[in-house]
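Peer 1: I'd like to ask some things about the structure below.
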Amino acid sequence: MQKPNIPSFIPPRRTLMGPGPSDVPQRILDAMARPTIGHLDPAFVDMMEQMKALLRYAFQTENALTMPVSAPGSAGMEMCVVNLVEPGDKVIVCRNGVFGGRMLENVKRTGGVPVVVDDAWGAPVDTVKVEEAFAANPDARVLAFVHAETSTGARSDAQALAAIAHKYGALAIVDAVTSLAGIPLMVDEWELDAVYSGSQKCLSCTPGLSPVTFSERAIARLKARKTPVQSWFLDLNLVLGYWGSAGRRTYHHTAPVNPLYGLHEALVMLAEEGIENSWARHAHNHEMLRDGFEVLGLKFVVDQHYRLPQLNTVYIPAGVDDAAARTRLLNEFNLEIGAGLGDLAGKVWRFGLMGHASRTENIDYCLSSLKQVL
Ligand SMILES: *Cc1c(COP(=O)(O)O)cnc(C)c1O
């Protein structure tokens, strides 16, 4: 076989203002370039312990079982479902966008019996409908919903939803992939049971890691399972032997050493900024972008009460070619924005102001580029 004559890959420099990944600060990339060490090296084990403490701060929780899954946000979703749902368990799944639909798919494949609560794309999950679903299905064991629906830009009331679940003795599985560090997410105060996130959205790290956290109630449910967790890789009982206590760490899989350096640095940066300041920065920059959009005549899809500051979805103006405009932004301005998904495909654009991308320079650049393209 002839050897391929292919040079090294040099990516273009983009400004990432889509639904993720978001702009990664050089400081995080530098951290990832540090020397690879063994994943059971005592120095690495120390780093893992710091990582857990940093993640507890990000999630605002004291949960002992808080760690990054060695795979993207979708794996965090699957970990929550496969560990907390047994075949035959009734699960109320809220679907108001793409990611609720994926939770539903996970529940089905795990053998759960889903009860779907549908809401319009762009609307939050309706707590009244969820209450009705529980009243009609008081034996439901889990409620699954997305806190920040990235496909639409809508925020749901995670605290109220979890409270309904607990009233019926059910656990709350919460998708916080886009919410973590971008809007308040109070895992303990809101009594959320199984929460997963992603490294590449408001934490501004590279993609491929999924921070997760589990409450004592979730662990009790796990311990009471009658059937083994169907996934070997995502079985929390096994992962715990690795991420559990530092003294007795045993091999489960080889942790992605350098990506974890990156996540550690991203979390150090979050702690330096202060999480409340991070929320405030996202909120403030959203207002700046919104004001600029108003000047351009762009209309938001989501009502202002439920709008995510980190994910701004607007209708594409009449007469503008969706794909051609986005291609121009990418090729001429090195600016990536998000297309519409599912029901909103071809109708909207999604502008991410996540993590390091949530900066004044980016907003100015985005608005001026957009003005030329429109
Ligand atoms: C991005 C995202 C995911 C999936 O994360 P990946 O890292 O792409 O697997 C899940 N849920 C929501 C709400 C997301 O925005």
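The end of the sequence shown is residue 374 by the UniProt record's numbering, with every number in the run present.
We put the beta carbon where it would ideally sit given N, CA and C, even for glycine.
These numbers come from a predicted model, not from an experiment.
(1) Going by C-alpha to C-alpha distance, which of 19, 45, 7 and 35 sits closest to residue 251?
(2) Is it the case that the Cβ atoms of residue 66 and residue 55 are separated by a distance below 8 Å?
(3) Which ranges would you report for the beta strand (DSSP E) in the segment 14-59 if only whole runs of at least 3 residues count?
(4) If we count Cβ pairs, one from each stretch, closer than 8 Å, do we get three or more for the segment 208-219 versus the segment 61-76?
(5) What residue range is occupied by the uninterrupted beta strand (DSSP E) comprising residue 219?
(6) Taking 6 Å as the limit between beta carbons, can you name the residues of its chain near residue 138, skipping five residues before and five after?
(7) Let's test the definition: count the other Cβ atoms within 10 Å of the Cβ of residue 4 and tell me whether it reaches 16, buried, or not, exposed.
(8) By Cβ distance, which residues of its chain are closer than 7 Å to residue 333, with the 5 residues on each side in sequence left out?
(9) Restricting to Cα atoms, I'd like to know which of 127, 228 and 51 is closest to residue 87.
(10) Which full runs of the alpha helix (DSSP H) of 4+ residues lie inside the segment 235-300, going along the chain?
(11) Excluding the 5 residues preceding and the 5 following residue 256 in the sequence, name in chain order all residues of the same chain whose CB lies nearer than 8 Å to its CB.
(12) Among all the DSSP beta bridges, which residues are the ones paired with residue 145?
(13) Please work out which residues of its chain come closer than 8 Å, Cβ to Cβ, to residue 34, disregarding the five sequence neighbours upstream and downstream, and give them in chain order.
(14) First and last residue of the beta strand (DSSP E) that includes residue 311?
(15) I want to know whether the segment 142-155 touches the segment 87-99 - three or more CB-CB distances under 8 Å.
(16) Can the beta-carbon of residue 162 be found less than 8 Å from the beta-carbon of residue 191?
(17) Alpha carbon to alpha carbon, how far is residue 294 from residue 344?
(18) Where does the unbroken beta strand (DSSP E) through residue 338 begin, and where does it stop?
(19) Express the C-alpha separation of residue 15 and residue 362 in angstroms, rounding to a whole number.
(20) List the endpoints of the continuous beta strand (DSSP E) containing residue 307.
(21) Could you tell me if the beta carbon of residue 148 falls within a distance shorter than 7 Å of some heavy atom in ligand 1?
(22) Compute the Euclidean distance between the alpha carbons of residue 129 and residue 30, then round it to the nearest angstrom.
(23) Tell me the DSSP bridge mates of residue 118?
(24) Identify the residues that DSSP records as bridge partners of residue 232: which are they?
(25) Is residue 177 near ligand 1, judged by its Cβ being under 7 Å from some heavy atom?
(26) Compare the beta carbon distance of residue 58 and residue 275 with 8 Å and say whether it is the shorter of the two.
(27) Grouping DSSP H, G and I as helix and E and B as strand, with all else coil, what is residue 359?
(28) May I ask you to check if the CB of residue 59 is nearer than 7 Å to at least one heavy atom of ligand 1?
(29) Return yes when the Cβ of residue 317 is within less than 8 Å of the Cβ of residue 297, no when it is not.
(30) For the beta strand (DSSP E) that contains residue 135, what are its first and last residues?
(31) How do the segment 150-164 and the segment 298-309 stand: do at least 3 beta-carbon pairs fall below 8 Å, yes or no?
(32) For residue 327, which three-state DSSP category applies?
(33) Measure the alpha-carbon distance for residue 331 versus residue 18 and round it to whole angstroms.
(34) Excluding the 5 residues preceding and the 5 following residue 160 in the sequence, name in chain order all residues of the same chain whose CB lies nearer than 8 Å to its CB.
(35) Which same chain residues end up closer than 6 Å to residue 9 when comparing Cβ atoms and leaving out the 5 residues on each side of it in sequence?
(36) I'd like the list of long-range same chain contacts for residue 221, defined as Cβ closer than 7 Å, with 5 residues on each side in sequence excluded.
Peer 2: Taking the structure as given:
(1) For the purposes of this step, residue 251 is taken as residue 251 along the sequence shown, with counting starting at 1. 45 is the residue among 19, 45, 7 and 35 whose C-alpha sits nearest the C-alpha of residue 251.
(2) Position 66 of the sequence shown, counted from the first residue, corresponds to residue 66. Position 55 of the sequence shown, counted from the first residue, corresponds to residue 55. The answer is yes: Cβ separation under 8 Å.
(3) 15-17
(4) Between the segment 208-219 and the segment 61-76, the count of C-beta pairs closer than 8 Å reaches three or more; the two stretches touch.
(5) For the purposes of this step, residue 219 is identified with residue 219 of the sequence shown, where counting begins at 1. No beta strand (DSSP E) holds residue 219; the alpha helix (DSSP H) holding it covers 216-223.
(6) In the sequence shown, residue 138 corresponds to position 138, counting from 1. Around residue 138: 168.
(7) Walking along the sequence shown from the start, residue 4 turns up at place 4. The residue in question, residue 4, is exposed, as its Cβ has fewer than 16 Cβ neighbours within 10 Å.
(8) Residue 333 sits at position 333 when you count from the first residue of the sequence shown. The answer, listed in chain order, is 369.
(9) Residue 87 sits at position 87 when you count from the first residue of the sequence shown. When the alpha-carbon of residue 87 is set against those of 127, 228 and 51, the nearest one is in 228.
(10) Along the segment 235-300, the alpha helix (DSSP H) occurs as fully enclosed runs of 4 or more residues at 236-243, 257-273 and 275-296, listed in sequence order.
(11) As a working note, residue 256 is residue 256 in the sequence shown. Result list for residue 256: 70, 208 and 209, in chain order.
(12) Along the sequence shown, read from residue 1 onward, the residue named residue 145 stands at position 145. Answer is 174.
(13) Taking the first residue of the sequence shown as position 1, residue 34 is located at position 34. Here the set comprises 258 and 261.
(14) Counting from 1 along the sequence shown, the entry for residue 311 is found at position 311. Residue 311 -> beta strand (DSSP E) spans 311-315.
(15) yes
(16) Taking the sequence shown and counting its residues from 1, one reaches residue 162 at position 162. Taking the sequence shown and counting its residues from 1, one reaches residue 191 at position 191. Yes. Within cutoff.
(17) For the purposes of this step, residue 294 is taken as residue 294 along the sequence shown, with counting starting at 1. For the purposes of this step, residue 344 is taken as residue 344 along the sequence shown, with counting starting at 1. About 21 Å.
(18) Looking up residue 338 in the sequence shown gives position 338. 335-339 is the extent of the beta strand (DSSP E) around residue 338.
(19) To locate residue 362, count along the sequence shown from 1; it is residue 362. To locate residue 15, count along the sequence shown from 1; it is residue 15. CA-to-CA, the gap between residue 362 and residue 15 works out to about 8 Å.
(20) On the sequence shown, position 307 is the one that residue 307 refers to. Premise fails: residue 307 is in no beta strand (DSSP E) and is neither H nor E.
(21) As a first step, residue 148 must be located in the sequence shown, where it is residue number 148. For ligand 1, at least one heavy atom lies less than 7 Å from the Cβ of residue 148.
(22) Taking the sequence shown and counting its residues from 1, one reaches residue 129 at position 129. Taking the sequence shown and counting its residues from 1, one reaches residue 30 at position 30. The straight-line gap from Cα to Cα measures roughly 48 Å.
(23) As a working mapping, residue 118 is identified with position 118 in the sequence shown. Answer is 95.
(24) As a working mapping, residue 232 is identified with position 232 in the sequence shown. Looking at the DSSP assignment, residue 232 forms no beta bridge with any residue, so it has no partner.
(25) Taking the sequence shown and counting its residues from 1, the one referred to as residue 177 is at position 177. Residue 177 Cβ: within cutoff of ligand 1.
(26) Stepping through the sequence shown from its first residue, residue 58 is reached at position 58. Stepping through the sequence shown from its first residue, residue 275 is reached at position 275. In this structure, residue 275 lies closer than 8 Å to residue 58 by Cβ.
(27) By one-based count along the sequence shown, residue 359 stands at place 359. Three-state result, residue 359: coil.
(28) In the sequence shown, the residue the question calls residue 59 occupies position 59. Checking the Cβ of residue 59 against ligand 1 gives no.
(29) Taking the sequence shown and counting its residues from 1, the one referred to as residue 297 is at position 297. Taking the sequence shown and counting its residues from 1, the one referred to as residue 317 is at position 317. Going by C-beta atoms, residue 297 is nearer than 8 Å to residue 317.
(30) Counting from 1 along the sequence shown, the entry for residue 135 is found at position 135. First-last for residue 135: 127-136, but that is the alpha helix (DSSP H), not the beta strand (DSSP E).
(31) yes
(32) One-based indexing of the sequence shown puts residue 327 at position 327. Looking at residue 327 - three-state DSSP - the assignment turns out to be helix.
(33) As a first step, residue 331 is located in the sequence shown; it is residue number 331 there, counting from the start. As a first step, residue 18 is located in the sequence shown; it is residue number 18 there, counting from the start. Taking the straight line from one Cα to the other gives about 15 Å.
(34) Residue mapping note: residue 160 aligns to position 160 of the sequence shown, counting from 1. Taken in chain order, the residues that qualify are 127.
(35) Working through the sequence shown from its first residue, we reach residue 9 at position 9. So no residue of the chain qualifies.
(36) Counting from 1 along the sequence shown, the entry for residue 221 is found at position 221. Hits under 7 Å: 84 and 171.
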